[in-house]
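A short write-up of the structure that comes next.
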Amino acid sequence: MIINQLTIHEAHRLLKAKELSSVELTKACLERICQVEPKVRALVTVTNELALSQARKADELMATGNTNPLTGIPVVIKDNMCTKGIPTTCSSRMLENFVPPYDAMVVEKLNGCGVVVAGKANMDEFAMGSSTEHSALFTTHNPWDLSRVPGGSSGGSAVAVAAGEAVYALGSDTGGSIRQPAGFCSVTGLKPTYGRVSRYGLVAFASSLDQIGPLTQDVTDCALVLNVIAGYDARDSTSVPYPTPDYTQCLTTDLNRLRIGVPKEYFVEGMQAEVEIAIKAAIRKLEELGATIDYEVSLPHTPYALAAYYIIAPSEASANLARYDGVKYGFSYSDADSMWEAMEKTRQYGFGAEVKRRIMLGTYALSAGYYDAWYLKAQKVRTLIRREFDQAFDKFDALVTPTSPTVPFKIGEKIDDPLQMYLSDVCTLPINIAGLPAISIPAGFADGLPIGMQIIGKPFSEETILNIAHAYQQATDWHKRRPDV
Amino acid sequence: MKLSREEVLHIVLLARLGLTETEVNRLREQLSNILENFEVLQQVDTTDIPPTAQSIPLQNVMRRDDEVACSLPQSQILANAPQRKENFFRVRAVLE
């Protein structure tokens, strides 16, 4: 048994049976961090002492029997979720020294279960990117091939799980930032329905698209984490006051009566052949498991989703990031002669190239004279994309696509070509536009590089997609493979 | 479609971004290229289609009750301030 490779449910069983302590589990993860971190660089902050003190408390809690499946289990949190007293950098110079005075709602909920926080994960700056290469601090490396990107923006979270630095992680997903790195690193990553998990304390990127979710080793773990973080929170006005089920109850291997659609627009030219072959094979497996598959589904507005997304997300970002003015917190340029110069220089030196690019794009799309042609137009296309999904879900319980059109690309390959980088989110961003839940699970390899399958559900139907993903994992072992790092 | 230098500088001013000459030139190229690709949006017929600002069926969410609740202490809020004076954020003169 390799302790740091246990799943949440395996570790919980051992903790409960007193065959393992949280301190032992935590030390195994911290040792693993020391061992692989020089190679993968997934973590911005490692919280050694906090983790060990939380582990000791968790062991005491375990002895009382008053526990949750997450009690005493080490987690890594993406560095855009506020952690009280622990730096929260967003991998940006702007917030390099920012120490939040409060916890994000998800962190509050995890702490309430007695979890162990092992560290904060690297990301593309302010979650803008698909490779972690836009981190202002350093680039994270894919544990399956250190010369390749781990995906992004939650690349550090995905790598921490894949490399066994933590048992699971939290990420955030605005256009694919949980699912694409989950696919690239061969872990399980869920973006819940918009409104399902509170965004309170998540540093805002694009407020109508951002959603927090788990990155785990399997679907059972995903359900266990969602059980804790899902639910209404009055401090997030977009949090939805619907009841949350026990997400582990839906984890059957029975896919009979489920109708699954395969939208053909997601198998486009430019897609790597091995990815298409692997996903088609995975879909046949779902058919064997009892699902009815329709390969002729069409979502004709899909080709417009990329442009709509990259107008809407930067527009919202340009408004959200206006708060970084060097006055209340964050980097502040002190050597200026005037208020305006101080503000401009603060933003010049505090933001990296991709963040500036998106602020510029968004400011342009929102500016007088261009608002109707760009921002409003994109919002109307958003309506059409959402309607198309709604119509498809009249006939299907879920849709299945690749998570990404390619396997992980080389570090440096797309860094100078923003459009090529944006295209790596082409299969995931329509889902954020429509606010749907979607999960990425391991579905094969091409020359040792991971391939992810995306399963998309109706709003608030996380149970259906978890069920499909779980049934697939019970019939396959892709998710059990480990990188040799 | 290529953005003019004046258009780029106008956006820079609106966004209050300080940019070097090199950055301005590079962004002019990149934004022009991106927007040119995004012109496909204009091909979509959106007659009578309302805009979607967010995807959930909630409207006019209000605080349920206007109750007095605890907020963070002043010292914690000011702890991240780049410059402070007594119990205030210190800012530069707005009027010159």
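From first to last, the protein sequence lines are chains A and B.
For the first sequence, our numbering begins at 7 and goes up steadily by one.
For the second sequence, our numbering begins at 248 and goes up steadily by one.
We put the CB at the ideal spot given by N, CA and C, even for glycine.
Residue i classed as buried or exposed, judged by whether at least 16 other C-beta atoms fall within 10 angstroms
i                 : result
MET309 of chain B : exposed
GLN397 of chain A : exposed
PRO75 of chain A  : buried
MET68 of chain A  : buried
CYS228 of chain A : buried
ILE283 of chain A : exposed
TYR253 of chain A : buried
ARG364 of chain A : buried
CYS35 of chain A  : buried
ALA316 of chain B : exposed
MET248 of chain B : exposed
PRO149 of chain A : buried
ILE8 of chain A   : exposed
LYS420 of chain A : buried
GLY311 of chain B : One point to set straight first is that residue 311 of chain B is Arg, not Gly, in the sequence displayed. It counts as exposed.
GLN290 of chain B : exposed
ARG337 of chain B : exposed
GLN426 of chain A : exposed
GLY332 of chain A : buried
DSSP state of residue i mapped onto helix, strand, coil
i                 : result
MET129 of chain A : coil
GLN217 of chain A : strand
PHE273 of chain A : coil
VAL29 of chain A  : helix
TYR200 of chain A : coil
ILE79 of chain A  : coil
GLY493 of chain A : Residue 493 of chain A is absent from the model: chain A starts at 7 and stops at 491.
ARG501 of chain A : Any property of residue 501 of chain A remains undetermined from this structure, which presents chain A solely from 7 to 491.
ARG38 of chain A  : helix
LEU282 of chain A : For the record, residue 282 of chain A in the displayed sequence is Glu; it is not Leu. Helix at GLU282 of chain A.
TYR330 of chain A : coil
TYR301 of chain A : strand
THR89 of chain A  : strand
GLY336 of chain A : coil
ASN54 of chain A  : helix
ASP343 of chain A : coil
ASN74 of chain A  : coil
LEU101 of chain A : helix
LYS362 of chain A : helix
THR269 of chain B : helix
Inter-residue Cα distance where the pair is residue i and residue j
i                 : j                 : result
ALA440 of chain A : GLU333 of chain B : 48 Å
SER153 of chain A : LYS416 of chain A : 6 Å
LEU305 of chain A : ALA287 of chain A : 22 Å
LYS45 of chain A  : PRO156 of chain A : 13 Å
GLN479 of chain A : LEU282 of chain B : 41 Å
LEU305 of chain B : TYR200 of chain A : 12 Å
PRO489 of chain A : THR412 of chain A : 19 Å
ALA345 of chain A : LYS464 of chain A : Looking at the sequence provided, one finds Met at residue 345 of chain A rather than Ala. Distance between the alpha carbons of MET345 of chain A and LYS464 of chain A: 48 Å.
ASN307 of chain B : THR53 of chain A  : 40 Å
ALA404 of chain A : ALA477 of chain A : 14 Å
MET349 of chain A : LEU278 of chain B : 23 Å
VAL113 of chain A : THR89 of chain A  : 7 Å
ILE324 of chain B : THR94 of chain A  : 15 Å
THR407 of chain A : SER340 of chain A : 50 Å
THR250 of chain A : GLY237 of chain A : 6 Å
PRO424 of chain A : VAL234 of chain A : 37 Å
ALA57 of chain A  : GLY91 of chain A  : 14 Å
GLU469 of chain A : LYS22 of chain A  : 26 Å
VAL173 of chain A : GLY454 of chain A : 23 Å
ASN10 of chain A  : LEU20 of chain A  : 13 Å
TYR330 of chain A : LEU49 of chain A  : 24 Å
ARG487 of chain A : ASP400 of chain A : 36 Å
Residue i: CB within 7 Å of a non-hydrogen atom of the ligand PLP
i                 : result
ASN327 of chain B : This structure lacks the ligand PLP, and indeed carries no ligand of any kind.
Query raised in the report: Per the contact definition of three or more C-beta pairs closer than 8 Å, is the segment 47 to 64 of chain A in contact with the segment 240 to 260 of chain A?
Result: They do not touch, by the three-pair rule.
Query raised in the report: Would you call the segment 250 to 266 of chain A and the segment 471 to 478 of chain A touching, i.e. three or more CB-CB distances under 8 Å?
Result: Of all C-beta pairs linking the segment 250 to 266 of chain A to the segment 471 to 478 of chain A, three or more are shorter than 8 Å, placing the two stretches in contact.
Report task. At 4 residues or longer, and completely inside the segment 275 to 332 of chain B: list those alpha helix (DSSP H) runs for me, N to C. Result -> Listed in chain order, the alpha helix (DSSP H) runs fully inside the segment 275 to 332 of chain B are 321 to 325, counting runs of at least 4 residues.
Query raised in the report: Which parts of the segment 385 to 463 of chain A are runs of the alpha helix (DSSP H), unbroken and 4 residues or longer, counting only runs that do not cross its ends?
Result: Complete alpha helix (DSSP H) runs here, min 4: 424 to 429, 435 to 440.
Requested in this report: Report yes or no: do the segment 115 to 124 of chain A and the segment 133 to 150 of chain A share at least 3 C-beta pairs separated by less than 8 Å?
Outcome: No, because fewer than three Cβ pairs between the segment 115 to 124 of chain A and the segment 133 to 150 of chain A fall closer than 8 Å, the two stretches do not touch.
Query raised in the report: When the Cβ atoms of the segment 94 to 103 of chain A are set against those of the segment 335 to 345 of chain A, are three or more pairs found closer than 8 Å?
Result: The count of Cβ pairs closer than 8 Å, one atom from the segment 94 to 103 of chain A and one from the segment 335 to 345 of chain A, reaches three, so the stretches are in contact.
Query raised in the report: Below 8 Å, can you find three or more Cβ-Cβ pairs linking the segment 312 to 325 of chain A to the segment 267 to 280 of chain A?
Result: A contact between stretches requires three or more CB pairs, one per stretch, nearer than 8 Å, and the segment 312 to 325 of chain A fails this requirement with the segment 267 to 280 of chain A.
Query raised in the report: With a cut-off of 8 Å, do at least 3 Cβ pairs link the segment 431 to 439 of chain A to the segment 170 to 183 of chain A?
Result: Touching, yes, given that three or more Cβ pairs across the two stretches are closer than 8 Å.
**Report entry** At least three beta-carbon pairs within less than 8 Å, the segment 368 to 375 of chain A to the segment 321 to 332 of chain A
**Finding:** The answer is yes - the segment 321 to 332 of chain A touches the segment 368 to 375 of chain A, with three or more Cβ pairs under 8 Å.
Query raised in the report: Three or more beta-carbon pairs under 8 Å between the segment 293 to 302 of chain A and the segment 266 to 275 of chain A, yes or no?
Result: With the cut-off at 8 Å, the segment 293 to 302 of chain A and the segment 266 to 275 of chain A touch.
Query raised in the report: Any chance the segment 260 to 274 of chain B sits against the segment 295 to 304 of chain B, with 3 or more Cβ pairs inside 8 Å?
Result: As far as the Cβ criterion goes, the segment 260 to 274 of chain B does not touch the segment 295 to 304 of chain B, which means the pair count is below three.
Report task. Quick one: which residues of the segment 215 to 244 of chain A get their C-beta closer than 9 Å to a C-beta of chain C? List them in chain order. Result -> Included in the structure are the protein chains A and B, with no chain C among them.
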